[in-house]
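A short worksheet on the structure shown next.
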């Protein structure tokens, strides 16, 4: 699976949009971009995924650049409960792939 | 959405005893489940891949005789920490995939089990 690079930490003011970047310059054509987050002392939570088109769901939006070498997760109106570690992972979609988590981005939403 | 239930959510045991952690996919079938361990302020570390009906695949450095994995059905995998020691104290998390190999299905995670060995 392609490696990803994310900033170690970010701050965001409550109510503002949180934009979390992820670089995946070695992504292959059949690899999807997945985002997960882990709130302290809980299991990770799936947020969103995409291949090449931008995606939106009730939690977030995912913007993938045209060359697919980077993406941005957008939390449109961050709340204190969005404080968590966010992981960007790229992988093929076969069922036997193991998922390796990096350190991700620690997002702190500030009142 | 897909739900993964993990039990217990926390357990305290004495050194030398064994502890079993259950991971269930409640509304989907999972041929593959993954077990992770997480120490404070660290990333999730993959321990093993649990395959229904066959032996688990362990990551390098993880003792298969110490961390016994059984994936007896499409909805249940168990992790048994045998002869637990204080250094086994950690946060254990399971995950499972909803859907077959041709779907871009994400992993869904349990809420973790906090193990404390005294």
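Residue numbers (this note's numbering), protein chains in the order written: chain G, 469 to 579; chain E, 1109 to 1226.
We put the beta carbon where it would ideally sit given N, CA and C, even for glycine.
*If the cut is a Cβ gap below 7 Å, which residues of chain G does residue 1201 (chain E) touch?*
Neighbourhood of residue 1201 (chain E) in chain G, by CB distance below 7 Å: 511, in chain order.
*Are the C-beta of residue 1125 (chain E) and some C-beta of chain G separated by less than 8 Å?*
Under the Cβ criterion of 8 Å, residue 1125 (chain E) is not counted among the residues facing chain G.
*Can you list the residues of chain G that residue 1216 (chain E) reaches, using a CB-CB cut of under 8 Å?*
Contact annotation for residue 1216 (chain E) against chain G: 514 [CB-CB distance below 8 Å, chain order].
*Residue environment, residue 1147 (chain E), which counts as buried when at least 16 other CB atoms sit within 10 Å*: Around the beta-carbon of residue 1147 (chain E), fewer than 16 other beta-carbon atoms lie within 10 Å, marking it exposed.
*Hey, could you find the ends of the beta strand (DSSP E) residue 496 (chain G) is sitting in?*
First-last for residue 496 (chain G): undefined, no H or E at that position.
_According to DSSP, residues forming a beta bridge with residue 1113 (chain E)_ = Paired residues: E:1132.
*Just the chain G side, please: which residues come within less than 7 Å of residue 1220 (chain E) by C-beta, in chain order?*
In chain order: 510 and 511.
*Taking C-alpha atoms, which residue in E:1126, E:1133, E:1222 and E:1200 lies nearest to residue 1160 (chain E)?*
The option with the nearest alpha carbon to residue 1160 (chain E) is E:1133.
*Closest Cβ-Cβ distance between residue 1113 (chain E) and chain G: below 8 Å?*
With a threshold of 8 Å between beta carbons, residue 1113 (chain E) makes no contact with chain G.
*From the DSSP output, which residues share a beta bridge with residue 489 (chain G)?*
G:540, per the DSSP bridge assignment.
*Report yes or no: do three or more beta-carbon pairs, one from the region 544-555 of chain G and one from the region 502-509 of chain G, lie closer than 8 Å?*
Segments in contact, yes.
*Going by DSSP, what residues sit across from residue 523 (chain G) in a beta bridge?*
The partner list for residue 523 (chain G) (beta bridge, DSSP) reads G:530.
_Which of the three DSSP states is assigned to residue 549 (chain G) in this structure?_
Taken through DSSP and simplified to helix, strand or coil, residue 549 (chain G) comes out as helix.
*Jot down the residue ranges of each uninterrupted alpha helix (DSSP H) in the region 1142-1182 of chain E, minimum 4 residues, whole runs only, in chain order.*
For the alpha helix (DSSP H) assignment, the region 1142-1182 of chain E encloses no uninterrupted run of at least 4 residues.
_Quick check on residue 517 (chain G) - is its C-beta less than 8 Å from some C-beta in chain E?_
Yes, contact with chain E.
*Under 7 Å by beta carbon: chain E residues contacting residue 566 (chain G)*: Those within 7 Å of residue 566 (chain G) in chain E are 1142, 1154 and 1157.
*Determine whether the Cβ of residue 1151 (chain E) lies closer than 8 Å to any Cβ atom of chain G.*
At least one beta carbon of chain G lies nearer than 8 Å to the beta carbon of residue 1151 (chain E).
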